[in-house]
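Novice: The working numbering runs 329 ahead of the 1-based position in the sequence shown.
We put the beta carbon where it would ideally sit given N, CA and C, even for glycine.
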Amino acid sequence: MVDGATGAGSEPESSDSLRTFGAVVQALREHAGLNREAFGKLVRFSKHTVASVELGRRMPDPAFVERAEAATGNTGALRKAAEYLIREPGLASWFRQWARLEKTAISLYTYECRVMPGLLQTEAYMRAVSLSVPPLPDEDKLNERITARLSRQELLSTQRKPPCAFNFIIEQAVLDRRTGGDEVTRELLDHLLDVIDRHWNVEIQIMPLKQPVHAGLDGPIQVLETPDNRWYGYSEGQKNGRLISDAKEISVLHQRYAKLRTQALTPEDSKSLLEQMRGEA
């Protein structure tokens with residue numbers, strides 16, 4: 330599932346704040362002379378839950394924080410540390426580090442051959458994608474996922490200082506697949522044309538169905554530039570994702586993306602094709 334959509338049962342991200350909180354819990358527990366099982370009995374959570382919190386894999390419940398305070402001497406450290414916990418619901422744990430980099434990126438390039446990039450999806454398309462890939466989410470999880478993705482689309486705003494320069498290369502087959510049906514596809518086409526008209530910082534290029542020489546045969550590509558002019562890449566597959574910072578790997582991605590931009594239709598021709606597809610939809 331593209332753009333880090335969470336599957337059923339996904340854990341929250343092991344962020345710096347979660348890991349730091351977990352380390353504080355572990356240090357206070359050990360200082361109190363308690364193993365995880367004994368500590369779990371005092372806070373009324375299993376030793377496995379205690380381990381998940383200490384390793385930064387789980388957002389602690391408020392009840393956990395209060396009981397852990399009592400079990401470790403009421404120092405106030407856990408209550409204070411809990412105020413700084415950060416969780417971004419609706420995004421898969423492996424995607425959140427990339428999502429944080431997106432928020433301040435000054436350039437972001439995306440080639441996609443599977444589904445429409447999340448930053449360009451409509452709500453109806455998001456719903457159709459989420460309900461296409463097992464395991465199916467419950468209603469709360471689905472709504473959480475959609476809310477997170479819609480929130481990310483604020484990144485396209487030209488009001489950002491500085492605004493981010495976006496280039497999207499999308500396979501024509503992604504649109505021809507008509508995920509969600511004809512009505513969802515028509516709305517998606519209208520949305521893409523609206524994004525082009527309203528966002529001077531967004532370029533959309535369509536990769537035509539017939540392209541004998543294709544630099545993207547190894548799959549999707551995402552690269553971004555930070556305000557300090559560092560470049561990162563991101564690669565996502567089935568139930569996993571990988572942030573790429575190695576300069577040699579980034580160089581390869583840049584070479585491939587540069588070639589893709591020459592192989593795809595120009596932004597002007599891409600807009601014409603989208604208009605044609607909308608007329609036929």
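Quick one: complete alpha helix (DSSP H) runs, 4+ long, within the stretch 439-505?
Specialist: Entirely contained in the stretch 439-505, the alpha helix (DSSP H) runs reaching 4 residues are, in chain order, 452-459, 468-481, 501-505.
Novice: Quick check on E313: does DSSP put it in helix, strand or coil?
Specialist: Absent from the structure is residue 313, since the part of the chain shown begins at 330 and ends at 610.
Novice: So Q592 is in the beta strand (DSSP E); what residue range does that whole segment cover?
Specialist: Looking at the DSSP string, Q592 is not in any beta strand (DSSP E); the run it does join, the alpha helix (DSSP H), is 576-592.
Novice: Tell me which residues share the same chain as S436 and place their Cβ nearer than 7 Å to its Cβ, disregarding the 5 neighbours each side in the sequence.
Specialist: C493, A494, L553, E554.
Novice: Would you kindly report the start and end of the unbroken beta strand (DSSP E) that includes L553?
Specialist: Note, L553: beta strand (DSSP E), 550-554.
Novice: In terms of alpha-carbon separation, which member of A610, G402, T378, R396 lies closest to D519?
Specialist: When each option's Cα is compared against that of D519, the closest is A610.
Novice: In angstroms, rounded to a whole number, what distance separates the CA positions of Q355 and E412?
Specialist: Straight-line Cα distance between these residues: approximately 18 Å.
Novice: M606 by DSSP, collapsed to three states: which one?
Specialist: In this structure, M606 counts as helix in the three-state DSSP scheme.
Novice: Under 8 Å between the Cβ atoms of L449 and V524?
Specialist: Contact: yes.
Novice: Anyone know if the C-beta pair for W529 and T487 falls short of 8 Å?
Specialist: Yes, Cβ-Cβ distance for W529 and T487 is below 8 Å.
Novice: My guess is that Q534 and R590 are in contact by the Cβ rule of under 8 Å, so how many angstroms apart are they, rounded?
Specialist: Yes, they are in contact, since the Cβ atoms of Q534 and R590 sit about 7 Å apart, within 8 Å.
Novice: Given a threshold of 16 other Cβ atoms within 10 Å of its Cβ, counted over all protein chains shown, does G338 qualify as buried or as exposed?
Specialist: The predicted model places G338 with a pLDDT of 35, which falls under 50 and marks its position as unreliable; any figure quoted below should be read in that light. Per the 10 Å Cβ criterion, exposed.
Novice: Give the straight-line distance between the Cα atoms of R348 and R408, rounded to the nearest whole angstrom.
Specialist: Cα to Cα, the separation comes out at about 15 Å.
Novice: With a threshold of 16 other CB atoms inside 10 Å of the CB of K470, please say whether the residue is buried or exposed.
Specialist: With 16 or more other Cβ atoms within 10 Å, it is buried.
Novice: How about G545 and Y440: do their beta carbons lie closer than 8 Å?
Specialist: Yes; because the gap between Cβ atoms is below 8 Å, this pair is in contact.
Novice: Could you name the residues of the same chain whose beta carbon sits closer than 7 Å to that of L430, not counting the 5 residues immediately before and after it, in chain order?
Specialist: Taken in chain order, the residues that qualify are L553, T555, Y561.
Novice: For the stretch 449-462 and the stretch 395-407, state whether three or more C-beta atom pairs, one from each stretch, are separated by less than 8 Å.
Specialist: Result no; under three Cβ-Cβ pairs closer than 8 Å.
Novice: Comparing the C-beta of S486 with each C-beta of chain C, is any distance below 8 Å?
Specialist: The structure shown contains no chain C; it holds only a single protein chain.
Novice: Pull up the DSSP beta-bridge partners for S436, would you.
Specialist: DSSP lists A494, E554 as partners of S436.
Novice: Run through the stretch 517-544 for me and flag every whole beta strand (DSSP E) of 3 or more residues, listed as ranges in chain order.
Specialist: The stretch 517-544 contains these whole beta strand (DSSP E) runs: 531-536.
Novice: Alpha carbon to alpha carbon, how far is E578 from R571?
Specialist: In a straight line, the C-alpha of E578 is about 12 Å away from that of R571.
Novice: Going by DSSP, what residues sit across from R571 in a beta bridge?
Specialist: Answer by DSSP bridge pairing, in chain order: S564.
Novice: Which residue comes first and which comes last in the alpha helix (DSSP H) that contains A406?
Specialist: Start and end: 406-411.
Novice: Where do the ends of the alpha helix (DSSP H) carrying A367 lie?
Specialist: Segment 365-372, the alpha helix (DSSP H) holding A367.
Novice: Where do the ends of the alpha helix (DSSP H) carrying S381 lie?
Specialist: 376-383 is the span of the alpha helix (DSSP H), which, as asked, contains S381.
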